[in-house]
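What follows is a set of notes on a single structure, which appears directly below.
There are 4 protein chains.
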Amino acid sequence: MSSKFGKLLTVSVFGQSHGKAIGVVLDGLPAGEAVDLDELNAFLDRRKPGKSPLSTTRKEADAPVFLSGLENGVTCGSPLCAIIENGDQRSKDYRELLDKPRPGHADYTAACKWDGCADMRGGGHFSGRLTAPLCIAGGIAKQILARRGVYVGAHLAAVGTENDVSFPLHPTKELFDSVAAKSFPVLDGQAGERMQAVILAAKNDMDSVGGVIECAAVGLPAGLGDPMFDGVENRLAAALFGIPAVKGVEFGAGFGASRLHGSENNDPFTMEEGRIVTTQNNAGGILGGITTGMPVMLRVGIKPTPSIGRSQRTVSLSAQADAELTIHGRHDPCIAHRAVPVVEAVTAAVLLDLLLEGNHGTF
Amino acid sequence: MSSKFGKLLTVSVFGQSHGKAIGVVLDGLPAGEAVDLDELNAFLDRRKPGKSPLSTTRKEADAPVFLSGLENGVTCGSPLCAIIENGDQRSKDYRELLDKPRPGHADYTAACKWDGCADMRGGGHFSGRLTAPLCIAGGIAKQILARRGVYVGAHLAAVGTENDVSFPLHPTKELFDSVAAKSFPVLDGQAGERMQAVILAAKNDMDSVGGVIECAAVGLPAGLGDPMFDGVENRLAAALFGIPAVKGVEFGAGFGASRLHGSENNDPFTMEEGRIVTTQNNAGGILGGITTGMPVMLRVGIKPTPSIGRSQRTVSLSAQADAELTIHGRHDPCIAHRAVPVVEAVTAAVLLDLLLEGNHGTF
Amino acid sequence: MSSKFGKLLTVSVFGQSHGKAIGVVLDGLPAGEAVDLDELNAFLDRRKPGKSPLSTTRKEADAPVFLSGLENGVTCGSPLCAIIENGDQRSKDYRELLDKPRPGHADYTAACKWDGCADMRGGGHFSGRLTAPLCIAGGIAKQILARRGVYVGAHLAAVGTENDVSFPLHPTKELFDSVAAKSFPVLDGQAGERMQAVILAAKNDMDSVGGVIECAAVGLPAGLGDPMFDGVENRLAAALFGIPAVKGVEFGAGFGASRLHGSENNDPFTMEEGRIVTTQNNAGGILGGITTGMPVMLRVGIKPTPSIGRSQRTVSLSAQADAELTIHGRHDPCIAHRAVPVVEAVTAAVLLDLLLEGNHGTF
Amino acid sequence: MSSKFGKLLTVSVFGQSHGKAIGVVLDGLPAGEAVDLDELNAFLDRRKPGKSPLSTTRKEADAPVFLSGLENGVTCGSPLCAIIENGDQRSKDYRELLDKPRPGHADYTAACKWDGCADMRGGGHFSGRLTAPLCIAGGIAKQILARRGVYVGAHLAAVGTENDVSFPLHPTKELFDSVAAKSFPVLDGQAGERMQAVILAAKNDMDSVGGVIECAAVGLPAGLGDPMFDGVENRLAAALFGIPAVKGVEFGAGFGASRLHGSENNDPFTMEEGRIVTTQNNAGGILGGITTGMPVMLRVGIKPTPSIGRSQRTVSLSAQADAELTIHGRHDPCIAHRAVPVVEAVTAAVLLDLLLEGNHGTF
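Protein chains in written order, with the numbering used here: chain S, 1 to 363; chain U, 364 to 726; chain F, 727 to 1089; chain R, 1090 to 1452.
Right, here's the structure in full:
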């Protein structure tokens, strides 16, 4: 596996931050699906850096070039490959980092695994830049899902200890669109102000902060997912932990459910307009790994950006001795707000894969 | 996939709670590994119900029978199949449940998926009873790992809002053994008293409570795991969400990391007795999906047992109308303490699979 | 992977010839499918030994016991496990074989791989006996396929240099049934007489012979299978080479196509009763890895049984010296006729897996 | 899966014949492996068309561009992506083919599967051109294998009914190199003359011919591969059937073994210079799916090129009526000789994947 996920629809990511290009291969996309490139580019813009003081000033021209699988704007059934050529690279300062691994980064583990051969310029294959091809994959998946009435949206639920409100019981496409249109993707503008202040304060301190992203998917049928190890939670979690900096994934009430009583946590079933729904959604739309038909709700915990301007303690691999490290260059004081579309993208790709399986519970 | 996980070592679980037998097939186990059956049975005993007022009074004789793969107590290289025959079943009351899905259970999603054909007696394939074969798999994996100096241990970190202390920075085999020997698997006995009181109070209220389990693995080399979607976190999470009632998984500081600054969350590297270690372990032993050589640390959130004695609101599938449901029979007021060895088992099986891959970072 | 195959429907085989039991787990079977046990047992009887002088006199009571997945004769959606307990074992003579690997057997490679730990009594996990659980899997798949108008049949196409006639362009269920009803599964009775004479002559010579099996599947829709490496040929071949003694697999005209001109080998398309068909079927119903809607036709080459009564040259692993070996016990002078239902079984299981995927070419 | 294969090393092919580019992603390549680009280009040249009257006059500049995974000529551990931009396309005549599927081609099955959305210009994703990225993958694998003393070579064993001699019992790197250096890759020059005459005669007849390729791999350790469905034969066959036009795969004596007696087919073991070898190799170096340490020997049957200049019978999809078709453009009268390096490439990639697993028979 490594840099890919999916069963009938495989998403396969390649590239290093400062290599020639990064990209993605989508194998198993259904044929005949139009891809609206304006909509896709607007989606990619949501994760782009360089737009505000809240993120790195590094510019990335993330225009995808489609090498295969898309003809006249429509998928043709064979694997789709899209690439983004790299530019605006400043690789000069990475030699020090190869010797002095940055705390909280994959520098050290990459050195252990690939014995000094890894291309770690700009974070290499571990760079947050690799989330751009993920967004190409997810942006296409979102369009295909939307055509079937399935909508995926996310917002920044917390930065540091500042929290946004949560999604309502039944989020709508309109709500998702309104968050996506904001430069800072929150539901509650005042909470957003406080979060942005936290990020700017961290920036001024040459420090960084983490956050939490809440994601929802509406319009899914009941009965998706398989028991035990191939359920909706298993597959979403396996993919979501592939987003750099994710350290926790929970569904519905998640860890909070562990503090509830069964009588509080259990979602009562009821009839509503002829359909079976639950009156609350602590299950996050998933029971026994299988969708209930209620919105799938998940939360992802993002650690603070490990690249900070402050001097940090590390070791010199060549000297096998303690050392000091000061990271230069441009960094994001927080990546959680930029990761919002990435969480949507990964969620959408996994859900499309599940939908393509159809309901093989019966035949 | 469905009821199995693993790449070079596959764990494949089968059985329904009230069927003829439940069991597991382990495909890819290395040959020549002795399995100490006394040790394995002691491990299985840790998840067994019927031992105290804290769990269901239902008795389960979980004696595994080995059908293949183990000859003269030693693995022989071909797939190992172990089964547990079912007994002590009281299936009579399940007809009502097929029509009135229990809130918080898979009854409704199974009905949607398998169109009324699912065998849901006793929870069927979704029953917590299916964690017994998982423990056979994991108990064997633990023995093989221990022979290589890798130890996996867990404790009950919280019940409701009562918390145990956390594992120290470097947990030891001795610490794991001491927790495993306790009838209530906590580090701090006083916290354990408070947790047990919470469980008994819930029981008296005909209610249930959830909890959190912390698990650690020590002795792993640095460099295990692959980038992005096949890392240690991805593979552990995908498997751990297969344990019934798990709604959240986090590594290291997890969701807590999202509330920290980078300067706090980053684990400084330092030399210690000639080895590179970190002075704290917010990464949970994993950076970029790859092991650092520090203990792998994870936490799993368990929801409160959905089966409670209180009357609950649900629907009648046949009448397509709201209904009341009172679940009779014997239930666990909390399953989190019994799930502690299950989390160890799944963690051990995933880590053994990763270790069997060797370090193919270089060749 | 190892002893399993399949994507949405996984067939997982376990057991050693002289262990406690052999069996199979089917994960991903659709729910609500009735299994006619009489029909299944009749199918299993077709591979059973001990019925004539053409096969070993060893008796095997291949009565499957269903441990899970089948309730009241109907699949319930969770993994189906069926086992066959082993009996009539004569393990005493296998110690010599562990030291002196039988030519043409897996004794030597198993010794290399598992370093002396393999359980090779009776051939262990490599025994032809493991085809019994495969037939359970395939027998169930055949019933599910038949309910959708898809029929799989096979016959013995050759023994040594004696050949049966080939299937006609459009084989029918009735033809399959008539071959299946014969004690010696050929189309042309006279060819069958000659083949049986070849087998008996080999038996009298304390020798063995090989053969070829032709298998066909009718009723499949066009459009099954994916391009390049996940096509119908790739998946069938990968599974068919798992049948012990198979050394070649070909589709349609197969190797014979390499001796034809394009003008002969290309199958012209034509309209027939409003459907597009081909006037011949050198493609074996598969073009570009994808079904054409014509019968899928394949041939499997089976080597002569390696166990023969004659003295053979081998080595002593302990002495690391040349040695003589005489294999005692009961052997099949030919296994090709008994492998006919096994080829059907594997073909049916693979095709059911492909059908369960549905046509995800478009969505 | 679809257009990819491999377990620890995945080869993922993308592109259509007349799209913007074709390419391959190699995920799981070990780091630190130098890639000699001259050697790689020389390997790619072996499959290139346009070099003689024996193949199409179409020119293809197959210069690979490396987008990722290769830095300063050395693999860096992250996925390697290489592309070949398409040129020299003549797409104008393909509109007729969309309506009138070419006999023996995937036109019809692609139309069924993707409902008219497939990009079939130049054969689209089914084009033999997609073997160029396969050769990039295999050419890199060959270099990595050679560094470990494992060599893969192939020759054209037959064209029509003209046969080359077979590889000797122990082929050498030197023999492989000498065949690779020839413009027509045979062992016996006189047989080669006859084969070329057959090809030219077919060309003059506006027809085509098929052939057989024999491939060998030497230097492999004993014990590679897993039993039943994940053996060396299963994995090689699954990948080899992904090469366009392959209709048969056999190992060692293959189908010929079915015509032998056990006493002839069984390969006697003997000691030779302190090593256990067999005196003949009808097993093709594989027993029970596991390598014996003898050369792996396989043969692949290639059908005659379906594109021929003669008028052929087909149907009009739009008219749903019988039709005539004359294919214009440049075609190969035989592709078997050009497929020789492709078979080497796929074999090398599969064997490298197996070697990367190491011998996990024991731990």
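Each residue gets a CB set at the ideal place from its N, CA and C atoms; glycine is no exception.
On a predicted model such as this, the values are computed, not experimentally measured, just so you know.
For T887 (chain F), the number of other beta carbons within 10 angstroms of its own is below 16, and it is reported as exposed. For L430 (chain U), a Cβ of chain F is located within less than 8 Å of the residue's own Cβ. Boundaries cannot be given for Q320 (chain S), as no alpha helix (DSSP H) includes it and DSSP labels it neither H nor E. From the beta-carbon of A21 (chain S), the residues of chain R found nearer than 8 Å are L1156, S1157, C1170. Bridge partners of S738 (chain F) according to DSSP: F:K730, F:V751. By alpha-carbon distance to Q320 (chain S), the top candidate from U:C697, U:E636, U:T655, U:I698 is U:E636. Within 7 Å of the CB of V25 (chain S), the CB atoms of chain R belong to S1101, F1103, V1114, in sequence order along the chain.
A direct Cα-Cα distance of roughly 18 Å separates C578 (chain U) from G254 (chain S).
The DSSP assignment places complete alpha helix (DSSP H) segments of no fewer than 4 residues inside the region 603-687 of chain U at 625-628, in order along the chain. Close partners of I1379 (chain R) in chain U (Cβ separation under 9 Å) are lacking, with about 11 Å as the shortest Cβ gap. Take T1367 (chain R), set aside five residues on each side of it, and the residues of its chain with a beta-carbon closer than 8 Å to its own are D1356, P1357, F1358, T1359, T1381, M1383, in chain order.
Cβ neighbours of N1252 (chain R) within its own chain (closer than 7 Å, five residues either side excluded): A1246, A1280. In the assembly as shown, E537 (chain U) is an exposed residue. Its beta-carbon has fewer than 16 other beta-carbons within 10 Å.
Looking only at U:L443, U:D685, U:S380, U:V581, the smallest Cα-Cα distance to D425 (chain U) is reached by U:S380.
Taking each of R:K1096, R:V1113, R:C1201 in turn and checking the Cα distance to L950 (chain F), the smallest one comes out for R:C1201.
Contact note: C1201 (chain R) does not reach chain S at a C-beta cutoff of 7 Å; the least C-beta distance is about 11 Å. Residue-level contact by beta carbon holds for S804 (chain F) and chain S, with a gap shorter than 8 Å. In the DSSP secondary-structure assignment, L156 (chain S) is bridged to S:I213. It is roughly 20 Å from the alpha-carbon of D205 (chain S) to the alpha-carbon of R338 (chain S). Interface criterion met: the Cβ of E1160 (chain R) is under 8 Å from a Cβ in chain S.
Listed along chain F is no residue with a C-beta nearer than 9 Å to that of H694 (chain U); the closest approach is about 22 Å.
Taking the beta carbon of V800 (chain F) as reference, the chain U residues within 9 Å of it are C480, listed in sequence order. Considering only beta carbons, the part of the region 754-769 of chain F lying closer than 9 Å to chain U consists of G754, P756, A757, G758, E759, in chain order. Between V1301 (chain R) and R1388 (chain R) a beta carbon distance of about 6 Å is seen, short of the 8 Å cut, so the two are scored as contacting. The Cβ of K1093 (chain R) sits closer than 8 Å to at least one Cβ of chain S. For E193 (chain S), the enclosing alpha helix (DSSP H) covers residues 189-204. Rounded to whole angstroms, K7 (chain S) and L1156 (chain R) show a C-alpha spacing of 25 Å. Separation of the CB atoms of A1306 (chain R) and T1436 (chain R) is rounded to 6 Å, and the pair is thereby assigned contact status at 8 Å.
With fewer than 16 other beta carbons inside 10 angstroms of its own, N798 (chain F) counts as exposed.
Cβ neighbours of P442 (chain U) within its own chain (closer than 7 Å, five residues either side excluded): V388, L389, D390, S431, G432. Within chain S, no C-beta atom comes less than 8 Å from the C-beta of S418 (chain U); the nearest is roughly 15 Å away. Leaving aside the five residues that flank I276 (chain S) on each side, the residues in its chain whose CB is nearer than 7 Å to its CB run, in chain order, F269.
Taking C-beta atoms as the reference points, M1209 (chain R) and D1188 (chain R) fail to come closer than 8 Å. Taking 8 Å as the threshold, the shortest C-beta distance from E720 (chain U) to chain R falls below it.
By the neighbour-count criterion, in which a residue is buried when 16 or more other Cβ atoms sit within 10 angstroms of its Cβ, S1272 (chain R) is exposed. When F:H851, F:K774, F:K973, F:G758 are compared, the shortest CA-CA separation from G741 (chain F) is found for F:H851.
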